[in-house]
Amino acid sequence: NKDESQESEFKEAVDVCLPLINAAIRDIKKGIFPKRCFFNVEVPSTPAANK
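With the numbering used here, the residue at position 7 of the sequence shown is 12, and numbering never jumps.
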């Protein structure tokens, strides 16, 4: 079904999000991530096609 996500799309989403999440964690540990800030990452259904 074309409306269902494929495993490869989840892997692409991880490739897109993981560096951002790691950078946020690094900045939180250093105390430089803005306090009272919400971290939200929206990933399109086909991450590799939306660079």
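Glycine is no exception: its CB is placed at the ideal position from the N, C-alpha and C atoms.
Q) If we ignore side chains and look at the alpha-carbon of each, how far apart do P39 and A28 end up? A) When rounded, the distance between both Cα atoms is 13 Å.
Q) How many angstroms separate the CA atom of G36 from the CA atom of V46? A) So the alpha carbons of these two residues sit roughly 21 Å apart.
Q. If you draw a straight line from the C-alpha of A54 to the C-alpha of V21, how long is it?
A. The C-alpha of A54 lies about 12 Å from the C-alpha of V21.
**Q.** Cut-off 8 Å between Cβ atoms - residues of its own chain near E14, not counting five sequence neighbours on either side
**A.** The answer, listed in chain order, is S50, T51 and P52.
Q | Beta-carbon spacing of F59, I26 below 9 Å | A | This structure cannot settle anything about residue 59, because the visible part of the chain is limited to 6 through 56.
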